[in-house]
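Enquirer: If you read the sequences in order, they're chains H and G.
Mapped onto our numbering, the consecutive letters of the first sequence carry residue numbers 2 to 483.
Mapped onto our numbering, the consecutive letters of the second sequence carry residue numbers 471 to 575.
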Amino acid sequence: MATPDQTRVPLTSEEEGLKDLNADYTERYGFHDAENYLFKAPKGLTRELVEKISEFKNEPQWMREFRLKSLDHFLAREMPTWGSPMLAEVDFDNIHYFVRASEKPERSWDDVPDDVKKTFDRLGIPEAERSFLAGVGAQYESEVVYHQVNKDLEDQGVIFLDMDSALRDHEDLVREYFATIIPANDNKLASLNSAVWSGGSFVYVPPGVQVEMPLQAYFRINTENMGQFERTIIIADEGSYVHYVEGCTAPTYSSDSLHSAVVELIAKPGARIRYTTVQNWSQNVFNLVTKRAVAEKDATVEWVDCNLGSKLTMKYPSVYLMGERAHGEILSIAFAGKGQHQDAGGKIVHVAPNTTSNIFAKSISKDGGRSSYRGLLEVAKGAGGSKSKVVCDALLLDEESRSDTYPTIRIGEDDVDVGHEATVSKVGDEQLFYLMSHGISEEEAGKLIVNGFIEPIVKELPMEYAVEMNRLIELQMEGSIG
Amino acid sequence: MTSLLEVCAVDELQPGSCRIVEWDGDQIGVFNCDGEILAMEDRCSHDGAPLAEGVLDPDSCTIECPRHGAIFDLRTGIPTTLPAYIPVDTFPVVVEDGLIKIEVD
């Protein structure tokens, strides 16, 4: 009788290669700079600190009151008991909630403090800005240190600022939308963000303006036990278009950091917003985020959400289709390696009739990593004529890894067309054999299978990000034959 | 066919306060919003929380749900913020002979 070891299917070379995805994280992103800060709050969250943050930023009274009310909500609410058992490890007392590295956002990289500039050089941000971006915001710890937008966009009335500056320079506009999509009491982590938010982006695109090249924000954590809480609002006025891309990395430490963002998007009638995230936090970061969009009549919102890093991510970008013929799209890709849990997915709520949506979620789990798809598709009463399709696929690279699916579907109308598909697969010998029998090498066959698996989503990334994502995968798969 | 449900004497419902009445297995909140008497279903359409336990804003005549922060317009029952998106019922208010009454089906 065969022993369990003898019957175990050996890993293919490409599976072995993919198991090392992000193995070079420490050299590429996991460094940290010396701390020459203007202010670093001691660990812990207090009412005095919340007041101090508001004072530092010279905020209007209503924002200060909003923060303090949010703090009360945060303290009153328990942590969620669903999602991941890792949530119990979050230690809110062991976090620095506010760290200021520089005086203000600069418009020239030459004016950014040297150490900080060198870090962003190393991350390739100024180069990306020169090559293919219409505007860039770079956040280091709690605040934006660099911000620039193309002059011709500014001349057309496009506003792209860090949130702190937007509150100061466009207070009425910010106040009109702030916390209208994600109220302060929406959930515990949104309450925390609402109390201590700092940095993030404010984007307003006037009617009819098409912002052809992406606006980008890059978020970098540097110190240990850091809490980063950016707040972003994007308003695309009637018939306009904008693509916003964000990336993030952090140093590798042995103790934990916390990232909890709140993002609110409004696509007015006929407008389109695409929001792309390439999340690559180090594996000591808890990444607990609330992202929600409203699409009005004939408008479109697309979330392209790539989760590569972090210790635990819980993030479910959502679209509320509030106007007739609105469209929502969520493309989600998650890699979960050793010690990681990617609890990702999305929510679409059809409120108005004749609305449409798609959710495509792909996950790859390796080395005992765990990925989950958690989603909601809801068609409310009155949303007749709506159509939706949800596809969630999981690829497991070994027997130690895990994938779960928690889909919820709630339909309140008879006249709808809703589909849901889910698959779980392994890069199998049969697939490899099939491709190899057509003259393709084993290594190429493996790449084709994995790339084919994630292609629907990677092809939606801006070119340089797609190249980077593919590079990360291919790097690990090359040279691992024999 | 509608009927009138008695709530309380006008003097007993001071500005900023609320009274709950039961009708047909549901609860209805009757609010004094800076002198204006308004009646609305006391159940948030998002997650069923009791709206009357939330924060009343007399300037905007709205109530904020205590559970997740959705804001409802007391005059129309329409939510002005997510996560609620389905309106709740409102009920016409009649004040006669010093008594607050609401019209119910």
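Just so you know, even glycine gets a beta-carbon here, dropped at the ideal spot from N, CA and C.
Which partner residues does residue 407(H) have in the DSSP bridge list?
Expert: The residue given as residue 407(H) occupies position 406 in the first sequence. In DSSP, residue 407(H) forms a bridge with 375(H).
Enquirer: Identify every residue that forms a DSSP beta bridge with residue 277(H).
Expert: Working through the first sequence from its first residue, we reach residue 277(H) at position 276. DSSP lists 246(H), 305(H) as partners of residue 277(H).
Enquirer: So, is the C-beta of residue 483(G) closer than 7 Å to a C-beta in chain H?
Expert: Here residue 483(G) refers to the residue found at position 13 when the second sequence is read from its first residue. Judged by the 7 Å Cβ criterion, residue 483(G) is not in contact with chain H.
Enquirer: When we look at the beta-carbon of residue 8(H) and count the other beta-carbons within 10 Å, is it buried (16 or more) or exposed?
Expert: Translated into positions along the first sequence, residue 8(H) becomes position 7. With a pLDDT of only 45 at residue 8(H), under 50, the local geometry of the prediction cannot be trusted, and no value is derived from it.
Enquirer: What residue does the alpha helix (DSSP H) around residue 51(H) start on, and which one ends it?
Expert: Counting from 1 along the first sequence, the entry for residue 51(H) is found at position 50. Note, residue 51(H): alpha helix (DSSP H), 48-57.
Enquirer: Any idea if residue 67(H) is buried or exposed, counting beta-carbon neighbours within 10 angstroms, 16 or more meaning buried?
Expert: Looking up residue 67(H) in the first sequence gives position 66. Its Cβ being crowded by 16 or more others within 10 Å, residue 67(H) is buried.
Enquirer: List the residues of chain G whose Cβ lies closer than 8 Å to the Cβ of residue 181(H), in chain order.
Expert: Working through the first sequence from its first residue, we reach residue 181(H) at position 180. What residue 181(H) touches in chain G: 550, 551, 552.
Enquirer: Taking 7 Å as the CB-CB limit, is residue 538(G) close to chain H?
Expert: Counting from 1 along the second sequence, the entry for residue 538(G) is found at position 68. Yes, residue 538(G) lies at the interface with chain H (some Cβ there is under 7 Å from its Cβ).
Enquirer: Given a threshold of 16 other Cβ atoms within 10 Å of its Cβ, counted over all protein chains shown, does residue 454(H) qualify as buried or as exposed?
Expert: Position 453 of the first sequence, counting from 1, holds the residue named residue 454(H). Under this definition residue 454(H) is a buried residue.
Enquirer: So for residue 170(H), helix, strand or coil by DSSP?
Expert: Residue numbering aside, residue 170(H) sits at position 169 when the first sequence is read from its first letter. Correct three-state label for residue 170(H): helix.
Enquirer: Do residue 393(H) and residue 362(H) have their C-beta atoms within less than 7 Å of each other?
Expert: Taking the first residue of the first sequence as 1, we reach residue 393(H) at position 392. Taking the first residue of the first sequence as 1, we reach residue 362(H) at position 361. Yes, these two residues count as a Cβ contact at 7 Å.
Enquirer: Checking the sheet assignment: what are the DSSP bridge partners for residue 561(G)?
Expert: Within the second sequence, residue 561(G) is the residue found at index 91, counting from 1. Bridge partners of residue 561(G): 509(G).
Enquirer: Does the distance from the CB of residue 339(H) to the CB of residue 377(H) come in under 7 Å?
Expert: In the first sequence, residue 339(H) corresponds to position 338, counting from 1. In the first sequence, residue 377(H) corresponds to position 376, counting from 1. Cβ distance not < 7 Å, so residue 339(H) and residue 377(H) don't count as in contact.
Enquirer: Using 7 Å as the limit for Cβ to Cβ distance, is residue 15(H) near chain G?
Expert: As a working mapping, residue 15(H) is identified with position 14 in the first sequence. Bear in mind that the predicted position of residue 15(H) carries a pLDDT of just 48, short of 50, making it unreliable; the figure below should be weighed with that in mind. Not closer than 7 Å to any Cβ of chain G, the Cβ of residue 15(H) fails to qualify, so no.
Enquirer: For residue 509(G), I'd like the list of residues in its chain whose CB is within less than 6 Å of its CB, leaving aside the five on either flank, ordered along the chain.
Expert: Here residue 509(G) is taken as the residue at index 39 of the second sequence, counted from 1. Once the five neighbours on either side are set aside, the close Cβ partners of residue 509(G) are 498, 500, 561, 563, 572.
Enquirer: What number of angstroms, rounded off, separates the C-alpha of residue 512(G) from the C-alpha of residue 183(H)?
Expert: The residue you call residue 512(G) lines up with position 42 of the second sequence. The residue you call residue 183(H) lines up with position 182 of the first sequence. Cα-Cα distance, rounded: 22 Å.
Enquirer: Would you verify that the beta carbon of residue 479(G) is, or is not, closer than 7 Å to some beta carbon of chain H?
Expert: By one-based count along the second sequence, residue 479(G) stands at place 9. So, not an interface residue.
Enquirer: If you draw a straight line from the alpha carbon of residue 404(H) to that of residue 326(H), how long is it in whole angstroms?
Expert: What you label residue 404(H) is simply residue 403 of the first sequence in a count that begins at 1. What you label residue 326(H) is simply residue 325 of the first sequence in a count that begins at 1. Approximately 34 Å between the Cα atoms of the pair.
Enquirer: When you compare only the Cα positions, how much space is there between residue 97(H) and residue 45(H)?
Expert: Indexing the first sequence from 1 puts residue 97(H) at position 96. Indexing the first sequence from 1 puts residue 45(H) at position 44. Roughly 6 Å between the two C-alpha positions.
Enquirer: Does residue 352(H) come within less than 7 Å of chain G when only Cβ atoms are used?
Expert: Counted from its first residue, the first sequence places residue 352(H) at position 351. Cβ-Cβ to chain G under 7 Å: yes for residue 352(H).
Enquirer: To the nearest whole angstrom, what separates the beta carbons of residue 367(H) and residue 399(H), a pair I think is in contact under 8 Å?
Expert: Position 366 of the first sequence, counting from 1, holds the residue named residue 367(H). Position 398 of the first sequence, counting from 1, holds the residue named residue 399(H). Contact holds; Cβ gap of about 6 Å.
Enquirer: Skipping 5 residues on each side, what residues in its chain have a beta carbon closer than 8 Å to that of residue 414(H)?
Expert: Here residue 414(H) corresponds to residue number 413 of the first sequence, with the count starting at 1. Excluding residues within five positions, the ones whose Cβ falls inside 8 Å are 380, 381, 382, 383, 384, 385, 387.
Enquirer: Can you list, in chain order, the residues of its chain with a C-beta nearer than 6 Å to that of residue 148(H)? Leave out the 5 residues immediately preceding and following it.
Expert: Start at 1 with the first residue of the first sequence, and residue 148(H) comes out as number 147. Around residue 148(H): 106, 138, 163.
Enquirer: Taking a cut of 7 Å between CB atoms, which residues from the stretch 307-322 of chain H lie near chain G?
Expert: If the cut-off is 7 Å between Cβ atoms, the stretch 307-322 of chain H has 321 near chain G.
Enquirer: Tell me where the beta strand (DSSP E) around residue 77(H) begins and ends.
Expert: Against the first sequence, residue 77(H) aligns to sequence position 76. Residue 77(H) -> not in any beta strand (DSSP E); alpha helix (DSSP H) instead, spanning 62-77.
Enquirer: In chain G, what lies closer than 7 Å to residue 186(H) by C-beta?
Expert: Here residue 186(H) refers to the residue found at position 185 when the first sequence is read from its first residue. Within chain G, the residues near residue 186(H) are 538, 539.
Enquirer: Which of the three DSSP states, helix, strand or coil, is assigned to residue 475(G)?
Expert: Along the second sequence, one-based indexing puts residue 475(G) at 5. Correct three-state label for residue 475(G): strand.
Enquirer: Tell me whether the stretch 201-221 of chain H and the stretch 240-253 of chain H touch, counting them as touching only if at least three CB pairs, one residue from each stretch, are closer than 8 Å.
Expert: Touching, yes, given that three or more Cβ pairs across the two stretches are closer than 8 Å.
Enquirer: Using CA coordinates, which residue listed in 570(G), 545(G), 568(G), 518(G) is at the minimum distance from residue 527(G)?
Expert: Taking the first residue of the second sequence as position 1, residue 527(G) is located at position 57. When each option's Cα is compared against that of residue 527(G), the closest is 545(G).
Enquirer: With DSSP collapsed to three states, give me the class of residue 27(H).
Expert: The count along the first sequence starts at 1 and reaches residue 27(H) at position 26. In the structure shown, residue 27(H) sits in a helix (DSSP, three-state: H, G or I).
Enquirer: Touch check for the stretch 265-275 of chain H and the stretch 231-241 of chain H: three-plus C-beta pairs under 8 Å?
Expert: Short answer: they touch.
Enquirer: Applying a beta-carbon distance threshold of less than 8 Å, which residues of chain H neighbour residue 507(G)?
Expert: As a first step, residue 507(G) is located in the second sequence; it is residue number 37 there, counting from the start. Neighbours of residue 507(G) on chain H: none; closest Cβ ~26 Å, over 8 Å.
Enquirer: Taking buried to mean at least 16 other C-beta atoms within 10 Å of its own C-beta, is residue 462(H) buried or exposed?
Expert: Along the first sequence, one-based indexing puts residue 462(H) at 461. It is buried - the Cβ of residue 462(H) has at least 16 other Cβ atoms within 10 Å.
Enquirer: Which whole-angstrom value is the C-beta distance of residue 212(H) and residue 154(H), which I expect to be below 8 Å?
Expert: Residue mapping note: residue 212(H) aligns to position 211 of the first sequence, counting from 1. Residue mapping note: residue 154(H) aligns to position 153 of the first sequence, counting from 1. Rounded, the Cβ-Cβ distance is 6 Å, consistent with contact.
Enquirer: State buried or exposed for residue 306(H), treating a residue as buried only when at least 16 other CB atoms are found within 10 Å of its CB.
Expert: For this step, residue 306(H) is matched to residue 305 along the first sequence. The residue is buried, with at least 16 neighbouring Cβ atoms inside 10 Å.
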